[in-house]
Structures are given as structure tokens and as C-alpha cells.
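The sequence shown runs 180 to 400 under the numbering used here. First up is the structure itself, then whatever we jot down about it.
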Amino acid sequence: MKFFIDTANLEEIRKAQLLGLLDGITTNPSLISKEIIDKSDIYNHYTSICNLLKREEGNVSIEVISTNYTDMIQEGEKLSLLHPKIVVKIPISKDGIKAIKYLSNKNIKTNCTLVFSLGQALLAAKVGSNYVSPFIGRLDDISYNGLSLVKEIKTIYEYYHFNTKILAASIRNPFHILECAKIGIHAVTTPFKVIDTLFYHPLTKIGLKKFLKDYDNINES
180 MKFFIDTANL EEIRKAQLLG LLDGITTNPS LISKEIIDKS DIYNHYTSIC NLLKREEGNV
240 SIEVISTNYT DMIQEGEKLS LLHPKIVVKI PISKDGIKAI KYLSNKNIKT NCTLVFSLGQ
300 ALLAAKVGSN YVSPFIGRLD DISYNGLSLV KEIKTIYEYY HFNTKILAAS IRNPFHILEC
360 AKIGIHAVTT PFKVIDTLFY HPLTKIGLKK FLKDYDNINE S
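What follows is the structure, encoded as C-alpha cells:
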């Protein structure tokens with residue numbers, strides 16, 4: 180399973196790279212708003228993110244701000260020309276689905292985002308979106324099992340041999356990551372701090388402390 184980092188922060192990306200755990204990046208307007216002061220800097224920042232990634236470190240999903248079909252495809256084409264690693268991220272809607280179909284026909288990679296239902300995921304696959312991003316955590320917030328949706332999407336995609344990859348989003352905790360791994364999801368996108376929690380277990384800390392204590396008790400000649 181691939182680990183995408185959900186961020187627009189360059190330092191977080193570098194941290195993931197140093198650990199060898201970076202398979203790609205996803206961004207959204209909320210994340211980018213934390214990193215830039217002037218809207219005129221947005222494309223430069225997107226390029227900076229892409230330039231950080233090595234060839235083997237996957238792609239960068241960058242979300243359009245536009246909400247109507249004409250503006251979506253114009254913005255999507257502009258984003259795709261910024262860097263070869265860019266995947267155009269488009270929210271699910273009637274105009275969004277039309278835009279994904281148009282961009283797919285132009286061989287521009289797309290990621291259908293803000294997906295909360297099986298029907299929405301089916302539409303994304305039908306028009307050739309490269310990725311679909313179901314939001315697990317936000318579904319959990321309204322007392323719906325987000326992981327159940329991911330399982331259903333995977334079943335439908337496998338049954339009809341769709342090429343759309345599931346990029347599970349709105350990952351809130353390590354449980355979400357591990358359950359997605361059990362399901363066999365292509366990738367998760369999560370804040371770096373959630374991946375960081377996978378390192379820790381109290382028994383590991385206790386065991387290491389004991390090993391070092393026992394070693395210190397060995398007599399030196």
C-alpha cells in the first residue's frame with residue numbers, strides 16, 4: 180500500500196522523504212491556504228512541491244478552485260502544464276464529472292475527490308478518473324462507517340475491472356491506515372503525524388530500555 184502525505188508544507192514532505200515513506204502528495208485549498216500569503220504565489224508553491232519529489236516518489240494531486248465545467252477544464256489544463264507529476268484533483272459534481280471525462284480524453288491524470296457514496300465512486304470510474312478519494316474520517320464524523328464504503332468501492336471496481344485506483348482520504352488515525360491495508364486499498368493519504376504514530380508501541384519502548392540496561396550491566400575487561 181502506498182503512503183501519500185496530505186499536506187502543502189514543504190518541511191513535512193522532507194521529513195517523509197528522509198524516512199523513505201513518501202509515495203505521493205495530496206493537497207487541497209485548505210492546506211495551501213496555510214502555506215501562502217498571496218494567491219499569486221500558489222502556482223509557484225505547487226511547483227516547489229513537485230520539484231521536491233524524486234522520480235520514484237509518485238505524483239501530486241492538486242485541487243482546482245473552479246466549480247463550473249468551463250473553468251474546471253481550463254484550470255485543469257493549466258495545472259497539468261506546471262509539472263509532469265501533477266494530478267488534477269476535481270470535486271464530485273455534474274460539472275466535475277464532465278471535466279474529468281474531458282481531461283481523461285486529453286490524457287491528463289485526474290483524482291475525483293470529496294467522494295462520500297458508492298454512486299459517486301462509480302461515476303468517477305465510469306468517466307476514467309485515475310484516482311477516487313473517499314473521505315473515511317468525515318463519514319465517521321456523521322456516524323457512518325467510512326471503511327465500509329471503501330470496501331464496497333473496491334468490490335465494485337474489481338467486479339467491473341475499473342482502472343481507477345482508490346486513494347483513501349480523511350485518514351484520522353492509525354486504525355484507518357491498517358484497516359485500509361487489510362482491505363487491500365491502493366493508497367491512503369494522511370497527515371504526516373498519523374503515519375508517525377505507526378512507529379510507536381509501549382512494549383517496544385520497554386523492550387529497548389531493558390536491552391540497553393542489560394548491556395550496561397556487562398562487565399568491561
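The beta carbon of each residue, even a glycine, is placed where N, CA and C say it ideally should be. All values reported here derive from a predicted model rather than from experimental measurement.
- Assignment of LEU346 by DSSP, reduced to helix, strand and coil, places it in the strand class.
- Around SER308, the same chain offers ILE279, THR289, CYS291 and THR343 as residues with beta carbons nearer than 6 Å, after the five sequence neighbours per side are excluded.
- Three or more Cβ pairs closer than 8 Å define a contact, and the segment 384 to 391 falls short of that threshold against the segment 190 to 206.
- Contact check between the segment 292 to 312 and the segment 324 to 337: three or more CB pairs, one atom from each, fall below 8 Å, which counts as touching.
- By the Cβ neighbour-count rule, ILE269 is buried, with 16 or more other Cβ atoms within 10 Å of its own.
- Residue environment: ILE211 is assigned as buried (16 or more neighbouring CB atoms within 10 Å of its CB, all protein chains considered).
- Boundaries of the alpha helix (DSSP H) around ALA304: 297 to 305.
- In the DSSP annotation of this structure, GLU399 is not part of any beta strand (DSSP E), being labelled neither H nor E.
- Its chain contains no residue whose beta carbon lies nearer than 7 Å to that of LYS361 once the 5 sequence neighbours on both sides are disregarded.
- The residues CYS291, LEU293, VAL294 and GLN299, in chain order, have a CB closer than 6 Å to that of ILE271 in the same chain once the five nearest residues on each side in sequence are set aside.
- A direct Cα-Cα distance of roughly 40 Å separates GLY203 from LYS392.
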